[in-house]
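The sequence shown runs contiguously to residue 504 in this note's numbering.
Ideal Cβ placement from N, Cα and C applies to all residues, glycine included.
Keep in mind it's a predicted model, so treat the numbers as computed, not measured.
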Amino acid sequence: MKAKDQIRLNVDGFESPTGRLFVERGNAKITDLSKVRLLRCGVDTVRQLYRGMIRPEVMALFETPGVMVDFADQRWHSGRVGRDSGYQYKLQNADLGIILLVKNFNAKLDNIGPHLKIEVSPHAIDALSPERLQEHLDHYADAVLSHLEINQCAVHLALDLQGWTPPADLVARMHCKARTHRDISGISEVSWATKSSVYGRGETSMFGSAGGVQLAIYNKTEQARATDKLDYWESVWKRRDSFDADDPNNYDPEQDVWRVELRYHHSIIQQFASGSIDVRTGEAIDTRSFAAFSGHLDGLWRYGLGQFKLLARPGHFEAIWTLIRDDVRVDLPVDSLLDQTEYKRYYKTSRGFSGKNVELFLGNFVSLLARERVGAKKAFSTLKQWDCWPVIRDHYAAKEKTERDIYRHIKDLLEERQVRWGRAV
């Protein structure tokens with residue numbers, strides 16, 4: 080049975096395609112989603128595949144894995160990768176946001192084959208229009224392969240929102256064909272052959288397999304903080320504020336952000352294209368390159384939410400699912416806006432910093448101080464003159480600790496180091 084949407088009403092009680100009041104058919108239960116903030120829906124990952132023959136000079140870059148190399152006018156870190164990736168080698172430049180995966184495991188080196196996959200990170204996607212990004216990818220691909228041919232692309236689409244959290248019975252109410260569900264609670268991972276049960280409520284739920292369409296719902300604030308990327312994502316979420324300070328969808332730093340992410344394998348993108356027709360030309364849509372496919376991402380988003388259906392009860396959509404399916408559009412950088420917009424640089428803050436590096440540094444710092452027989456007062460004075468002192472100070476300030484507390488902490492660490500291990504050991 081095809082699931083039905085709830086009736087949408089505006090604040091005056093009239094039916095409206097943009098209303099945030101939802102009335103469930105049959106029992107008149109009302110759901111108010113007026114406090115939900117749809118911060119941003121964008122492309123989180125691009126994977127562009129290419130066919131061709133690997134140029135002989137490229138393989139020389141991997142003769143000594145784990146070193147820095149020059150390639151295509153950029154510096155890269157070369158290395159080997161696990162067999163699960165399908166490729167043998169990689170060139171990575173995290174500053175560019177580009178990883179080149181080279182030499183397919185299932186194709187011979189001296190034959191034309193699917194020997195290159197380029198993975199693009201969110202900040203690189205966000206900085207370039209699809210057309211410009213494609214030019215960059217094609218440039219790197221041409222440097223890796225001769226007889227170059229664009230093969231296919233894969234994408235992850237991610238919606239970030241506030242004012243909504245997944246229900247405790249998410250698994251029971253998620254209707255999909257996928258037989259795999261994973262619930263990750265942060266310290267453990269449990270997998271089931273079916274999606275029929277879940278213990279507690281984890282920070283992450285995933286449905287489907289990596290080789291098809293996969294849905295992930297997780298706390299993006301916690302994930303970004305754990306990977307020390309919260310400052311970057313907050314800078315993205317705050318952009319809407321600069322256009323309209325009164326927009327009800329503006330970011331609230333006091334609330335956690337949850338992410339609904341659809342991950343498409345390249346084979347699914349191809350199937351989607353084969354069954355979709357461009358209404359202007361009557362031809363099947365082109366999905367081989369990201370630039371060609373980027374105009375159809377809104378359709379791909381709605382298609383994914385049709386594959387995974389969050390139901391309020393059998394045959395009836397949950398209100399949030401109707402909202403994010405109908406009201407969300409995939410944001411893409413546009414050349415004209417990129418040229419006209421002056422984006423402010425974001426800075427690392429104690430709020431978005433896990434502090435792990437500070438704690439590790441202080442531990443090593445104290446060990447060296449003990450070895451050199453340096454006292455706590457001199458050590459603290461030297462630390463305050465270091466360029467990174469503001470980061471350390473802000474980290475402890477977020478824990479409500481003063482500079483005096485930091486001094487005492489160093490003094491205590493020094494004393495423990497000397498008593499337990501000896502001053503010069």
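Those residues which DSSP pairs with residue i across a bridge
i: residue 197; result: 127 and 179
i: residue 337; result: 240 and 298
i: residue 390; result: 396
i: residue 159; result: 168
i: residue 254; result: 388
i: residue 229; result: 129
i: residue 102; result: 86 and 109
i: residue 192; result: 131
i: residue 148; result: 155
i: residue 410; result: 121
i: residue 94; result: 88
i: residue 56; result: The chain is shown only over 80 to 504; residue 56 falls outside these bounds and no answer can be derived.
Span separating the alpha-carbon of residue i from that of residue j
i: residue 369; j: residue 488; result: 52 Å
i: residue 83; j: residue 372; result: 30 Å
i: residue 103; j: residue 87; result: 9 Å
i: residue 174; j: residue 404; result: 34 Å
i: residue 397; j: residue 254; result: 11 Å
i: residue 395; j: residue 107; result: 12 Å
i: residue 198; j: residue 247; result: 34 Å
i: residue 387; j: residue 291; result: 12 Å
i: residue 310; j: residue 477; result: 15 Å
i: residue 475; j: residue 229; result: 50 Å
i: residue 289; j: residue 143; result: 31 Å
i: residue 218; j: residue 491; result: 55 Å
i: residue 381; j: residue 211; result: 26 Å
i: residue 480; j: residue 495; result: 20 Å
i: residue 105; j: residue 402; result: 20 Å
i: residue 98; j: residue 89; result: 4 Å
i: residue 155; j: residue 172; result: 5 Å
i: residue 111; j: residue 101; result: 6 Å
i: residue 342; j: residue 297; result: 13 Å
i: residue 240; j: residue 115; result: 7 Å
i: residue 294; j: residue 313; result: 23 Å
i: residue 377; j: residue 140; result: 39 Å
Three-state secondary structure (DSSP) of residue i
i: residue 460; result: helix
i: residue 171; result: strand
i: residue 166; result: strand
i: residue 435; result: helix
i: residue 382; result: helix
i: residue 440; result: helix
i: residue 372; result: helix
i: residue 219; result: helix
i: residue 234; result: strand
i: residue 292; result: strand
i: residue 330; result: coil
i: residue 452; result: coil
i: residue 313; result: helix
i: residue 210; result: helix
i: residue 116; result: strand
i: residue 319; result: helix
i: residue 482; result: helix
i: residue 342; result: strand
i: residue 306; result: coil
Cβ neighbour criterion (16 or more within 10 Å) applied to residue i
i: residue 94; result: exposed
i: residue 161; result: exposed
i: residue 320; result: exposed
i: residue 340; result: buried
i: residue 464; result: exposed
i: residue 91; result: exposed
i: residue 147; result: exposed
i: residue 454; result: exposed
i: residue 232; result: buried
i: residue 456; result: exposed
i: residue 185; result: exposed
i: residue 424; result: Any answer about residue 424 is weak, because its pLDDT of 46 lies below 50 and its placement is not dependable; what the coordinates show is given next. Exposed.
i: residue 278; result: Because residue 278 sits at a pLDDT of 31, beneath the cut-off of 50, its placement in the model cannot be relied upon, and the point is left open.
i: residue 452; result: exposed
i: residue 205; result: buried
i: residue 366; result: buried
For residue j and residue i, believed in contact at Cβ under 8 Å, the rounded distance
i: residue 406; j: residue 117; result: 6 Å
i: residue 188; j: residue 133; result: 6 Å
i: residue 201; j: residue 411; result: Actually they do not touch by this definition, with Cβ atoms about 13 Å apart.
i: residue 223; j: residue 249; result: 42 Å between Cβ atoms; not a contact.
i: residue 130; j: residue 345; result: Actually they are not in contact, since the Cβ atoms of residue 130 and residue 345 sit about 12 Å apart, beyond 8 Å.
i: residue 315; j: residue 119; result: 6 Å
i: residue 183; j: residue 192; result: 6 Å
i: residue 390; j: residue 399; result: About 11 Å; that fails the 8 Å criterion.
i: residue 236; j: residue 123; result: 7 Å
i: residue 299; j: residue 338; result: 4 Å
Heavy atom of the ligand GDP within 7 Å of residue i beta-carbon
i: residue 328; result: This structure lacks the ligand GDP; in fact it carries no ligand of any kind.
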